[in-house]
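K.L.:
My structure is below; once you've seen it, I'll send some questions.
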Amino acid sequence: MDDGGIQQLPPYPQHPPKPVGDLAAKLIENGMGGVDRPTLERRIEQVGYFRLKGYWYPFLTPTPDRPAKRVLPFRKGTLFQDIWDRYVFDQELRVLVFDGIITIEIYLKSFLAHELSLFGGEFGYMTRAGLPGLGYDAHLACLASLRTTFMKSNIPYIRHFRDTYDNPLPPYWMIVGCLSYGTLKETFYRGAPNSIKRKLATSLHVFNPNPNPDVRGDIKILSNWLETIRQARNMTAHHDRFWNESSTRIAPRLPKHRSGSHATDWWGNDWDDFRRSTGPAAFLTMENYLLTQIDGPSWKRKFIDLMHRYPQIPAPDMGFPDDWESLALWRP
């Protein structure tokens, strides 16, 4: 700390760049087996030394004073193929996660465009009354954002609307087509009345304990899930390592456990195995849950097939219990 109470951080230590051949030789000399130097050089050039390091890190030697911290050399018996399998698995997993998010995103756009147009008319978002969840400044920012997106879009039907009509913006069912997930979430979902948000939650079987069908959709859980989906969407789009992600940014809020007579048919108790889970397992289970409501079991089958094709990937490192396929949320 300095005199002002501001923490002084050290500078990043110097790491002079090295030729790819030297990097490959260093790894092999430190116990990375099952690979020759030319092959390892190609993989480093293909992926990058720093990115690949995230996949070989668990194979390094734990330090005595900080077991979670690992350093060279590699543990005895470490094979490059095991490291590469994790990289390829993670790549396939990200593609599958993103594919599922696309289905969810399209569903949200369709649902919100339809319900909001019924609520306030096809151009309802032009007034605050059409998006009652937005304050005055937020609504002005919403219109400015939509106008910018609309004017930049090259989608054929958007271009046709601009060239044909004098309206400043198109109806809901057109404008949603050119919105990013984040913009959709921060404008139309955030601005929607609670009645529409509850209806959306109910359509996705996201419930609270209230038996009244008019208020049973759980907005708090749904809003949290939509935000974790945004985080995961960014991760997968930017190729971040996903398979053993341990931060809370994609950890979904789970429905509370209920006991006694209240536990009968309560969907929240199915999530008990994921309450202390680390890794992406809870997110993947949440994604599967939503996709099952939208599109049936097709995504689930793809995910289970992926896991079966990579039995060497430790499911517990992803936050799954050993018997995860037998759990109610994953059974066929």
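The sequence shown begins at 14 in our numbering and counts up one residue at a time. Every residue, glycine too, gets a C-beta built ideally from N, C-alpha and C.
#1: Looking at the ligand ATP, does it come within less than 6 Å of Pro-327, judged from the CB to the closest heavy atom?
#2: So the candidates are His-275, Arg-262 and Gly-281; which of them puts its Cα closest to the Cα of Pro-268?
#3: Hey, Leu-91 and Phe-111 are a contact pair by Cβ (cut 8 Å); roughly how many whole angstroms apart?
#4: Would the segment 274-294 count as touching the segment 151-169 if we require 3 or more Cβ pairs under 8 Å?
#5: What does Leu-92 pair with, by DSSP beta-bridge criteria?
#6: May I ask which residues mark the beginning and end of the alpha helix (DSSP H) holding Arg-211?
#7: Please classify Phe-333: is it buried, with 16 or more other beta-carbons within 10 angstroms of its beta-carbon, or exposed?
#8: For the segment 71-131, which segments carrying the alpha helix (DSSP H) assignment without a break, of at least 4 residues, lie completely within its bounds, in sequence order?
#9: Would you say Phe-287 and Leu-106 are within 7 Å of each other, going by their C-beta atoms?
#10: What is the DSSP secondary structure of Phe-163, reduced to helix, strand or coil?
#11: Beta-carbon of Arg-79 versus every beta-carbon of chain C: anything under 7 Å?
#12: Starting from Ser-236, trace the alpha helix (DSSP H) both ways and give me its first and last residue.
#13: Identify, in the order they occur along the chain, each residue of the same chain with its Cβ nearer than 8 Å to the Cβ of Arg-271, setting aside the five sequence neighbours on each side.
#14: On a CA-only basis, which of Pro-30, Arg-64, Leu-36 and Asn-43 is nearest Thr-52? Give me that one, please.
#15: Jot down the residue ranges of each uninterrupted alpha helix (DSSP H) in the segment 274-309, minimum 4 residues, whole runs only, in chain order.
#16: Phe-93 and Val-48 - do their beta-carbons sit closer together than 7 Å?
#17: Check each candidate in Ala-328, Pro-324 and Phe-63 and name the one with the smallest Cα separation from His-28.
#18: Apart from the five residues just before and just after Arg-79, which ones in its own chain have a Cβ nearer than 7 Å to its Cβ?
#19: If distances are taken between C-alpha atoms only, which option among Phe-201, Tyr-302 and Asn-207 comes closest to Gly-230?
#20: Taking the alpha helix (DSSP H) that Met-320 belongs to, which residues open and close that run?
#21: DSSP state of Phe-63, grouped into three classes?
#22: If we ignore side chains and look at the alpha-carbon of each, how far apart do Ser-166 and Thr-116 end up?
#23: Buried or exposed for Glu-42, please, with buried defined as at least 16 other CB atoms from any protein chain shown within 10 angstroms of its CB.
#24: I'd like to confirm the pairing. Which residues does DSSP put opposite Phe-220 in its beta bridges?
#25: Can you name, in chain order, every residue of its own chain whose Cβ lies under 8 Å from the Cβ of Arg-88, other than the five neighbours on each side?
#26: Within the chosen definition, does the segment 123-143 reach the segment 192-205 through at least 3 CB pairs nearer than 8 Å?
#27: Within its chain, find whatever has a CB closer than 8 Å to the CB of Arg-99; leave out the 5 residues flanking it on each side and keep chain order.
#28: Can you name the start and end residues of the alpha helix (DSSP H) that Phe-174 belongs to?
#29: With DSSP collapsed to three states, give me the class of Asp-35.
#30: I need the boundaries of the alpha helix (DSSP H) containing Leu-197, first residue and last residue.
#31: If you reduce the DSSP assignment to three classes, tell me which class Trp-69 lands in.
#32: Between the alpha carbons of Ser-311 and Gly-113, how many angstroms are there, rounded?
P.N.:
Taking the definition as stated:
#1: No copy of the ligand ATP occurs in the structure displayed, which carries no ligand at all.
#2: Gly-281
#3: Residue identity check: residue 91 is Thr in the sequence provided, not Leu. In fact, because the Cβ distance is near 30 Å, the residues do not count as touching under 8 Å.
#4: No, they do not touch.
#5: Gly-46
#6: 207-216
#7: buried
#8: none
#9: no
#10: helix
#11: Absent from the structure is chain C; it holds one protein chain and no more.
#12: 232-250
#13: Cβ-Cβ distances below 8 Å link Arg-271 to Pro-222, Trp-279, Gly-281 and Asn-282 in the same chain, with the five nearest sequence neighbours on each side left out; the list follows chain order.
#14: The candidate whose alpha carbon is nearest that of Thr-52 is Leu-36.
#15: 294-308
#16: Inclusion of Val-48 and Phe-93 in the CB contact set at 7 Å is warranted, their separation being smaller than that value.
#17: Phe-63
#18: The beta carbon of Arg-79 lies closer than 7 Å to none in the same chain, with the five residues before and after it left out.
#19: Closest by alpha carbon: Asn-207.
#20: 311-322 is the span of the alpha helix (DSSP H), which, as asked, contains Met-320.
#21: helix
#22: 21 Å
#23: exposed
#24: Looking at the DSSP assignment, Phe-220 forms a beta bridge with Gly-230.
#25: Gly-44, Phe-72, Leu-73 and Thr-74
#26: yes
#27: Tyr-68, Trp-256 and Ile-326
#28: 169-177
#29: helix
#30: From DSSP, the alpha helix (DSSP H) with Leu-197 extends over 194-197.
#31: helix
#32: The alpha-carbon atoms of Ser-311 and Gly-113 are separated by roughly 10 Å.
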